[in-house]
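Counted the way mature numbering (1 follows the signal peptide of the UniProt record, and there is no 0) counts, the sequence shown spans residues -19 to -1, 1 to 542.
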Amino acid sequence: MKIISRLLILLTFSFVTHAYDRVTGAPFASRSEVIAQQGMAATSQPLATQVALDILKQGGSAVDAAIAANAMLGLVEPTGCGIGGDLFAIVWDAETKQLHGLNASGRSPAALKAEYFTEQGLTTIPSFGPLPVSVPGAVDGWFSLHEKFGRLPMTSILSPAIEYARRGYPVSEVVAYYWQMNVDRIGEYEGFADVFMPNGKAPTTGQIFKNPSLAATYEKIATGGRDAFYKGDIARVIGAYMKEQGGFLSYEDLAAHTSEWVEPVSTNYRGYDVWELPPNGQGIAALQILNILEQYDIEGMGFGSADYIHTFVEAKKLAFEDRAKYYADPAFNDIPVSALISKDYAQKRRALINPDKAAKRYDAGVVEGDTIYLTVADKDGNMVSLIQSNYRGMGSGMTPPELGFILQNRGELFTLAPNHFNTYEPKKRPFHTIIPAMVTRNNKPWLSFGVMGGATQPQMHAQIVVNLIDFGMNLQEAGDAPRFIHVGSSSPTGALMKDGGELSMETGFATEVRRTLYERGHQLSDKLGIYGGYQAILYDADKQVYFGASESRKDGQAAGY
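Quick look at the structure:
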């Protein structure tokens, strides 16, 4: 059947879209998979991938290389991440043959009360400025990972990023595009232009950019450890700056921060165990979608078919209603994770789907109880799936002096509605969009992957899994394949879906498929740039090799040795 599926894919797209005139693979594939034995890294920027490989070749672990790559991405891709943001990771430890999950997201300021927003006449938390800023958790995440799985000293791990920050690097194409977009919306905030607008404007593609302030900050962290960030001069500078800007994040908030090791949760999809982290992230939405899809003959529907896309979108809508109601900080709520990702619950939810008509709205079920993504694998079989973000591109715009980075605006994802799981409270972690993922088979690692892209990530995770398992695509094809994204679902921030939302589809889907979906009641909308950025590493236990993939929608690269 898998051979038939691949033939259907080739026939479907032979008249629709071509990436290149390649002699092998699906027509939409941009390149071959990367294959190597000793180690593999896949990131959204080639310089970061090369740094990760260098660390592996020095004897570093997969986690060491992931930290080095993340630090590098904070420099070369500040439009998606940085140490002003949060971090989540899933690690496969080859020695113990266990998965470990890390939630390194920060909490809201202790001194900022919900009443403040009401007094200011606000009904939602602003996107930019001082009010959406929460404690940045990434640095503590690095050290939590390093303490458990690191081999090389932090001075060696951060050294490449420090050197590049001082010497400079050429800005890549997609990053330059988003850099200008961020300058347009947060360029006026105090301190931003000093770091990120050389000569008063955003750097262009190929322009050499230096960030000596970030180099100095990384150096303090490398030698002084996590306390240099959360209890030293860096924290004092952040606290003083935020007070000057009318914000509430304080030195005390930073000093009190801790990350949390959590148990990853999973569902089995056609013999493969798909792993995500529990809330306050949205990873279990991917598991809920897959549980519903498993009840259909997805392979028989065929990739790109109206039946498949319709079924997927309706499953997504159902999962996102639960996401809007239940996903929040588990320290403040009793979240019924086991019930939400159960097969029995998925059967009940599936019954609500009309195969011939798109729903305008669903209710949540009744149960009890811009971003970067990278993945690295080492010669010993360890794998890490890591995602890190400032949230909206470069974050809040709050740029403390002489530190070289911007603070995140993740607090925007709270709701101000009372009696909601995700309502704003002091010292609370907001709902989070960034989610790493892994897939195991027969209790062995098979796939480490992620797809950055805000609230769209769960549906993209599910599409990747379906592409690989149901449609038999290889690792590169699974990421390059045209995607469809549904937006407009109800949200943990309080928005409600009343009109069915909108379905956007990349070029590559047949006109008759679009027409059929329209006739079933889907509102079609062509949007650009919402389809995320995929990186993945697959381990073939029989051949004992790693396969790596990095898609063409970003500047990224997969490489191994």
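Beta carbons: idealized from backbone N, C-alpha and C, even for Gly. As the structure is a computational prediction, the values presented were derived from the model and not from experiment.
- Going by C-alpha positions, Val494 is about 40 Å away from Ser377.
- Of the candidates Pro113, Val246 and Leu80, the residue whose Cα lies closest to the Cα of Ile387 is Pro113.
- DSSP places His81 in the uninterrupted beta strand (DSSP E) bounded by Gln79 to Ala85.
- Here Tyr499 has Leu505 as same chain residues with Cβ atoms under 7 Å from its own Cβ, once five neighbours each way along the sequence are excluded.
- The beta carbons of Gly122 and Leu54 sit no closer together than 7 Å.
- Of the residues Lys38, Lys479, Gly537 and Gly65, the one whose Cα lies closest to the Cα of Thr356 is Gly537.
- One thing to note: Arg410 has its Cβ within 7 Å of the Cβ of Asp310.
- 7 Å or more divides the Cβ of Arg88 from the Cβ of Lys341.
- In this structure, the beta-carbon distance from Asn272 to Ala327 falls below 7 Å.
- Among the bridge pairs identified by DSSP, Tyr250 is matched with Tyr253.
- With a 10 Å radius around the Cβ and a threshold of 16 neighbouring Cβ atoms, Ile322 comes out buried.
- Of the candidates Trp242, Lys425 and Met419, Trp242 places its Cα closest to the Cα of Phe124.
- Distances from the CA of Ile36 to each of Ile48, Ser25 and Asn403 were compared; the closest alpha carbon is that of Ile48.
- Residue environment: Ile167 is assigned as buried (16 or more neighbouring CB atoms within 10 Å of its CB, all protein chains considered).
- Taking Met433 as reference, the option from Val116, Gln263 and Met135 with the minimal CA-CA separation is Gln263.
- Beta-bridge partners assigned by DSSP to Glu241: Asn84.
- Taking all protein chains in view, the Cβ of Pro151 is surrounded by fewer than 16 other Cβ atoms within 10 Å, so the residue is classified as exposed.
- Three or more beta-carbon pairs separated by less than 8 Å link the region 279 to 297 to the region 442 to 455, which places the two stretches in contact.
- In the three-state reduction of the DSSP assignment, His467 falls in the strand class.
- Under a 10 Å Cβ-count criterion, Thr248 is classified as buried, with 16 or more other Cβ atoms of the shown protein chains found around its own Cβ.
- Per DSSP, Arg422 is one residue of the beta strand (DSSP E) stretching across Ala418 to Arg422.
- Remark: fewer than three beta-carbon pairs, one from each stretch, lie closer than 8 Å, so the region 78 to 88 and the region 17 to 32 are not flagged as touching.
- Residue environment: Thr421 is assigned as buried (16 or more neighbouring CB atoms within 10 Å of its CB, all protein chains considered).
- Taking the Cα of Gly40 as reference, the smallest distance to any Cα among Ser137, Leu394 and Lys298 is reached at Ser137.
- The residues Lys425, in chain order, have a CB closer than 7 Å to that of Ala522 in the same chain once the five nearest residues on each side in sequence are set aside.
- Straight-line measurement puts the Cα of Lys508 at about 25 Å from the Cα of Leu274.
- Secondary structure in the region 420 to 450: the beta strand (DSSP E) runs of 3 residues or longer, each lying completely within the stretch, are 425 to 433 in chain order.
- Excluding five sequence positions before and after Lys338, the CB atoms of its chain that fall closer than 8 Å to its own CB belong to Arg501 and Gly502, given in chain order.
- Thr474 and Thr396 have their C-alpha atoms some 4 Å from each other.
- Straight across, the Cα-Cα distance linking Arg147 with Ala312 is about 41 Å.
- For Leu367, no alpha helix (DSSP H) encloses it; the enclosing beta strand (DSSP E) starts and ends at Met364 to Ser370.
- Partner residues in the beta bridge of Glu483, as assigned by DSSP, are Val468.
- Here Asp536 carries a coil assignment [DSSP, helix/strand/coil].
- Between Val526 and Phe9, the alpha-carbon positions lie close to 25 Å from each other.
- When the beta-carbon positions are compared, Ile518 and Glu58 stay at least 7 Å from each other.
- For Ala157 and Ser86, the gap between their C-alpha atoms comes out near 27 Å.
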